[in-house]
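Student: My questions will all concern the structure given below.
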Amino acid sequence: MKKILVILLALSLLTTLAACGKNTQPDTTAATVGSTDTGTPVSTNTPADDGTTLSSMAVSEDAAGEAAAAAQLDGYTVDIDLAGKDKTTVTTQMQTIANDPKSYIGKTIRVSGTYEAYFSEATQKTYNNLLGFDTTGCCAAWGIEFYGDAVPDTIPDYETISVVGTIDTYDEDGQAYTFIDVSHFAM
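In structure tokens, the structure reads:
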């Protein structure tokens, strides 16, 4: 999870620096950002089949989609309910979970965000990622993996989703990773 935070922080810095230039069009040709290790890299500008990129999504469109997905999961008892919260609150809580996952293992969470899959050549696995963006909608502010029986086999990249599940960790190649074990899913 620390790898994800480092990647997200580096991506945020690069995006901020790139925003200072005169090019106002989003770069839809950027490759996946990540390292050659078995971490979970995050891409932010790879275009979807319809040409949508995460950086071209309107903030209000993102917020409306998150609210609609989260509303489908109303009524579940959770320890941490981030549905309908402002992006700053969600980002702060998700970064706290990433920095201290042991304190949150076994807690149930409801959270919404944007879906993105990543296939690792090194592990030959596909990683499901739930991403949250800053208030401008341009930069990934947090990310967490998720899995579970309630997760559909196919989810379109950049789909707005909401999950209810239990926070847990797994070990891969000697590194602990935090994820949500999803019991309820909506998109």
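First residue of the sequence shown: 1034, per this note's numbering; consecutive thereafter.
From the three backbone atoms N, C-alpha and C, an ideal C-beta is built for every residue, glycine too.
1) Contact defined as beta carbons within less than 8 Å: I believe THR1141 pairs with ASP1112. What is the distance between those atoms, to the nearest angstrom?
2) I need the DSSP call for THR1121, collapsed to helix, strand or coil.
3) For ALA1183, which residues from the same chain have a beta carbon less than 6 Å from its beta carbon, with the 5 sequence-adjacent residues on both sides left out?
4) DSSP three-state label for ALA1150, please.
5) How would you write the range of the beta strand (DSSP E) that SER1216 sits in, first residue to last?
6) Please state whether DSSP places GLU1205 in a helix, a strand or coil.
7) Relative to the C-alpha of ALA1131, which candidate in THR1202, MET1220, LEU1106, ALA1097 has its C-alpha closest?
8) Straight-line CA distance for LEU1163 to THR1110?
9) What number of angstroms, rounded off, separates the C-alpha of THR1073 from the C-alpha of LYS1118?
10) Are VAL1167 and LYS1120 close, meaning C-beta to C-beta below 9 Å?
11) Out of ALA1173, MET1220, MET1127, point me to the one whose CA is closest to THR1193's CA.
12) Under 6 Å Cβ to Cβ from GLN1208, same chain only, skipping five residues before and after it: list those, please.
13) Taking all protein chains shown into account, do 16 or more other C-beta atoms lie within 10 angstroms of the C-beta of GLN1058, making it buried, or fewer, making it exposed?
14) Roughly how many angstroms separate the alpha carbons of LEU1106 and ILE1213, rounded to a whole number?
15) One question on the structure: do GLY1198 and PHE1179 come within less than 9 Å of each other, judged by their Cβ atoms?
16) With a cut-off of 8 Å on the beta carbons, I'd call GLY1146 and GLU1099 a contact; round off their distance for me.
17) In terms of DSSP beta bridges, what is ALA1104 paired with?
18) By DSSP's criteria, THR1159 is part of a beta bridge. Which residues make up the other side?
19) Straight-line CA distance for MET1127 to LYS1158?
Tutor: In this structure, then:
1) Yes, THR1141 and ASP1112 are in contact; Cβ-Cβ is about 5 Å, under 8 Å.
2) Helix.
3) Excluding sequence neighbours, ALA1183 sits near VAL1215, SER1216, HIS1217, PHE1218.
4) Note: ALA1150 maps to strand in three-state DSSP.
5) From DSSP, the beta strand (DSSP E) with SER1216 extends over 1208-1219.
6) Residue state, collapsed to three classes: strand.
7) Among THR1202, MET1220, LEU1106, ALA1097, the Cα nearest to that of ALA1131 is on THR1202.
8) The straight-line gap separating the alpha-carbon atoms of LEU1163 and THR1110 is approximately 21 Å.
9) Model confidence at THR1073 stands at a pLDDT of 35, short of 50, so the residue's coordinates are unreliable and nothing is read from them.
10) Just to set this straight, residue 1167 is Asp in the shown sequence, not Val. In this structure, ASP1167 places its C-beta atom within 9 Å of the C-beta atom of LYS1120.
11) Considering only alpha carbons, the answer is MET1220.
12) By the criterion of a C-beta distance shorter than 6 Å, GLN1208 is surrounded by no residue of its chain, once the five residues flanking it on both sides are discounted.
13) With a pLDDT of 33 at GLN1058, under the threshold of 50, the modelled position of this residue cannot be trusted, and the question is left open.
14) When rounded, the distance between both Cα atoms is 15 Å.
15) The answer is yes: Cβ separation under 9 Å.
16) Here GLY1146 really is in contact with GLU1099; their C-beta atoms are around 7 Å apart, less than 8 Å.
17) Answer is none; ALA1104 lacks a bridge partner.
18) In DSSP, THR1159 forms a bridge with PHE1152.
19) If you take the alpha carbons of MET1127 and LYS1158, they lie about 24 Å apart.
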